[in-house]
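Quick notes on the structure that follows.
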Amino acid sequence: MAQIVFSSPQQQNPFFQDIPRVVQAALGAEKSARDGQLCVWINFNPRTLNEIFSQNVLYIRSNHAYNKCQDDTSKIKRERRQTLEGEKGLQLLHLSWDDVQSLTEEVARQIRESGYVPDVIVAVSRGGFDPARILCDQLSIKRLASLQIEYYRDINESSSTPEIVFPLNADVPNKSILIVDDVSDTGDSLRVARDHVLERGASEVRVATLHVKPWTTYRPDFSASEVESWIIYPWEIVEGLASMTEKLKLEGLSSSNLRKELIRLGFYRK
């Protein structure tokens, strides 16, 4: 059983709005509305769902589960696992630009209410760029800097330790900093970013994200929502498509045959 969640379905194209009808007709699925989201439960092979099926390049990705343990030095180790087929099924949250705006405004509200006034906002490249720029606007902050951290190599694998590939591009001694990223997943990259900014002389550092995963080991100071779903942000659609195509190839699935099957079921349109 897999779940697809469409956020703000009224803002999607007509094909998205027709998906419940198509799914029900082809797969006998169930649908329900929850908190303004359209949920479609599909009794379908999750492996087949791992492909693009709409103009918006929407795709299904498995949930991640994380096991935590401590070694002899009390350092936390994490093992990232992908579950393509399981009792909980697949969950996807596809966000529009309007969703991102609303989430970022909620983060801005929390920051204002806390009384924290950063001198500089630092975006964690690349997912933090758009939320950081919106926060600059919402909080009237003129100074926006960035740093880039590499963690995920691809959908199928990740490095054990995130690394800074482009250091902070601003002087921040004795300045208050707000670090911004899209999601706190494992929390490792945010911890690296915070430590790096402190090492550069910042007097105070706080962290904001749009989303938090329940298994994260780093809770940001400000966040708009906690979700378990695999999140598709509007700035990563093409990259997601490329990664998913490679994933299908590694699994030995034929993309062409899979696409034909999805077209037959009414899921894919050029």
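The sequence shown: position 114 = 1314 (my numbering), numbered continuously. Using N, Cα and C, we set each Cβ at its ideal position, and we do this for glycine too.
Rounded separation between residue i and residue j - CA only
i	j	result
residue 1312	residue 1422	11 Å
residue 1413	residue 1373	31 Å
residue 1331	residue 1385	16 Å
residue 1226	residue 1428	With a pLDDT of 39 at residue 1226, under the threshold of 50, the modelled position of that residue is not reliable, and the figure given next carries that caveat. The alpha-carbon atoms of residue 1226 and residue 1428 are separated by roughly 28 Å.
residue 1439	residue 1298	20 Å
residue 1363	residue 1369	16 Å
residue 1404	residue 1306	22 Å
residue 1333	residue 1398	22 Å
Beta-ladder partner(s) of residue i, from DSSP
i	result
residue 1329	DSSP output for residue 1329 lists no bridge partner at all.
residue 1406	1378
residue 1411	1383, 1425
residue 1350	1363
residue 1297	Looking at the DSSP assignment, residue 1297 forms no beta bridge with any residue, so it has no partner.
Cβ-based burial, residue i [other Cβ within 10 Å; buried from 16]
i	result
residue 1367	exposed
residue 1371	exposed
residue 1346	buried
residue 1300	buried
residue 1260	Confidence at residue 1260 is low in this model, with a pLDDT of 29, below 50, so its placement is unreliable and the value that follows should be read with caution. With 16 or more Cβ atoms within 10 Å of its Cβ, residue 1260 is classed as buried.
residue 1315	exposed
Residue i vs residue j beta-carbon contact at 9 Å
i	j	result
residue 1377	residue 1318	yes
residue 1431	residue 1411	yes
residue 1408	residue 1375	no
From the options, residue whose alpha carbon lies closest to that of residue i
i	options	result
residue 1325	1339, 1350, 1338, 1343	1350
residue 1390	1309, 1402, 1344, 1417	1417
residue 1437	1310, 1327, 1302, 1308	1327
residue 1322	1302, 1310, 1381	1381
residue 1329	1315, 1383, 1310	1383
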